[in-house]
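Note sheet for the following structure.
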Amino acid sequence: MSRSTNIEIEVAGRTIRARLMRERNPQVVELVCSYLPLTSFALHPNVSGAGFLLPTMITHTGESYMVDRHPGAVYLYAPGQSIVFTYGDTNESAPVNKFAEVLEEDMSKLLTIGKLVYDHTLATVEHKVIGATARLDGAHDLPSRELPPPDALRVIGRWRKAEALFLAEARRALSGEPDEISASFSGVIPSGMGTGGNILSVWMHQWSYLMTDGPNTLYRFVTDTEIPHMTLPIMVDLSRNHLLRPFNHFDFLGDLGLTKFKTWGAIYSAALDDLNSLEEFKRLTIALLTLVNLYHREVQSRFPFYLGQVFSRGGKDRNTRLDQNLGF
């Protein structure tokens, strides 16, 4: 493993450097560095304030260095498998797993990048993809967007095939927007979902279910495998009860226009019957988590958050302004 002091992050042609915190958060630093260089895209959080994130395939359940959010902090949001950069004031109180600090001389560029990501994602009607890369300082070989050959799919064992398939589809989602998401945000929902022809509610449910099923459900299953005396049958039952029965989340996502999820849900259900250990369960679930999280981020990049500007916060004249904005 390289002992580089810094990482370089390039977003929309602008580069910033961050000093790695090898002494304070060695486990996360080594894990992140093992995935570099990486290619991703930049998104802006829609509730927590001034930050931007890069979706990744990094999974972490180990030791952490938790601190309050502050400008210049670079942290790993483990449930969502994202690297996050704080460039200004934030409104969320939860501590973060910091592993690097943006260099003081690059703080102005960090602010510029943050505002650019905000302007081109949350604040715009036009959908834009903001490319981003991360690499060790001085390593200028860019990561490839080409998918690896499908050798990983030629493996023995039902759960291993499912794991390989989920990871291959996750890499595909990270390298570009899946066709079914493009179709959905063009108004094509094969099932006809959307009461009264309201497609906004379909997009809202896509985003909400992916956000819930990934960071808030599948990631918890991964970490729950580490609870002392946990057993495989309990984890399998929890997975089925939360995701497959009596309400099948995968079928619902398929009805919402993400049609592949119906097949992936059936594959996951069958693979659960093929497991022999908690470690196998963890590997399978990490693969599905990664796929769900990357679909979540791709849907997030498309969601029309700019519509929220109509619904401004607070003030005694809020209702009057809102009525005027809506044309009442």
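Residue numbering for the sequence shown follows the working numbering, starting at 310 and increasing by one per position. Cβ coordinates follow ideal geometry from the N, Cα and C atoms, glycine included.
{"Check": "How do the stretch 584-594 and the stretch 492-509 stand: do at least 3 beta-carbon pairs fall below 8 Å, yes or no?", "Outcome": "no"}
{"Check": "Roughly how many whole angstroms lie between the Cα atoms of H558 and Y518?", "Outcome": "8 Å"}
{"Check": "So does I595 have its beta carbon nearer than 7 Å to some heavy atom of the ligand SAH?", "Outcome": "With respect to the ligand SAH, the structure offers nothing, as it holds no ligand at all."}
{"Check": "What residue range does the alpha helix (DSSP H) around S510 cover?", "Outcome": "I508 to D522"}
{"Check": "Do you know how far the Cα of L567 is from the Cα of G501?", "Outcome": "12 Å"}
{"Check": "Measure the C-alpha to C-alpha separation of T399 and N406 and round it to an integer number of angstroms.", "Outcome": "15 Å"}
{"Check": "What's the C-alpha gap between G485 and P542?", "Outcome": "37 Å"}
{"Check": "For R444, does the three-state DSSP call read helix, strand or coil?", "Outcome": "strand"}
{"Check": "Return helix, strand or coil for G397, following the three-state DSSP convention.", "Outcome": "strand"}
{"Check": "I'd like to confirm the pairing. Which residues does DSSP put opposite N315 in its beta bridges?", "Outcome": "R328"}
{"Check": "Considering only the alpha carbon of each residue, which of M366, A403, M330 and D522 lies closest to G358?", "Outcome": "A403"}
{"Check": "Distance check for A477 and Y386, CA to CA, integer angstroms please.", "Outcome": "22 Å"}
{"Check": "What is the residue span of the beta strand (DSSP E) that P364 lies within?", "Outcome": "G358 to P364"}
{"Check": "By alpha-carbon positions, which one of K437, E339 and A327 ends up nearest to V393?", "Outcome": "A327"}
{"Check": "Which same chain residues, not among the five before or five after A579, have their C-beta less than 8 Å away from its C-beta?", "Outcome": "R467 and A471"}
{"Check": "Helix, strand or coil: how does DSSP classify V438 here?", "Outcome": "coil"}
{"Check": "Can you name, in chain order, every residue of its own chain whose Cβ lies under 8 Å from the Cβ of G496, other than the five neighbours on each side?", "Outcome": "I508"}
{"Check": "I need the straight-line Cα distance from Q336 to F408, nearest angstrom please.", "Outcome": "9 Å"}
{"Check": "Using the Cβ count rule (16 or more neighbours within 10 Å means buried), how would you classify L616?", "Outcome": "exposed"}
{"Check": "Of the choices T442, A382 and V601, whose alpha-carbon is the least far from that of G563?", "Outcome": "V601"}
{"Check": "Indicate the three-state DSSP secondary structure (helix, strand or coil) for L352 in the structure shown.", "Outcome": "strand"}
{"Check": "Is there contact here, the stretch 340-357 with the stretch 430-450, by at least three beta-carbon pairs under 8 Å?", "Outcome": "yes"}
{"Check": "Does the beta-carbon of D522 have 16 or more other beta-carbons within 10 angstroms, so that it is buried, or is it exposed?", "Outcome": "buried"}
{"Check": "Can you tell me the Cα-Cα spacing of D377 and Y384, whole angstroms?", "Outcome": "11 Å"}
{"Check": "Determine which residues share a DSSP beta bridge with Y386 and list them.", "Outcome": "S391"}
{"Check": "What residues in its chain sit with their C-beta under 6 Å from that of D388, if we drop five residues either side in the sequence?", "Outcome": "According to the sequence displayed, residue 388 carries Pro and not Asp. Excluding residues within five positions, the ones whose Cβ falls inside 6 Å are P524 and Y528."}
{"Check": "Whole-angstrom Cβ separation of L419 and G381, contact assumed at under 8 Å?", "Outcome": "7 Å"}
{"Check": "For the alpha helix (DSSP H) containing E410, name the first residue and the last one.", "Outcome": "Premise fails: E410 lies in the beta strand (DSSP E), V405 to V411, not in any alpha helix (DSSP H)."}
{"Check": "Nearest to D582 by CA position, among P537, V411 and D546, is which residue?", "Outcome": "D546"}
{"Check": "Assuming D533 and M544 make a contact with CB atoms under 8 Å, what is their CB distance in whole Å?", "Outcome": "7 Å"}
{"Check": "Rounded to whole angstroms, what's the CA-CA distance from T430 to M513? Just pull it up for me.", "Outcome": "16 Å"}
{"Check": "Do you know how far the Cα of I325 is from the Cα of A479?", "Outcome": "27 Å"}
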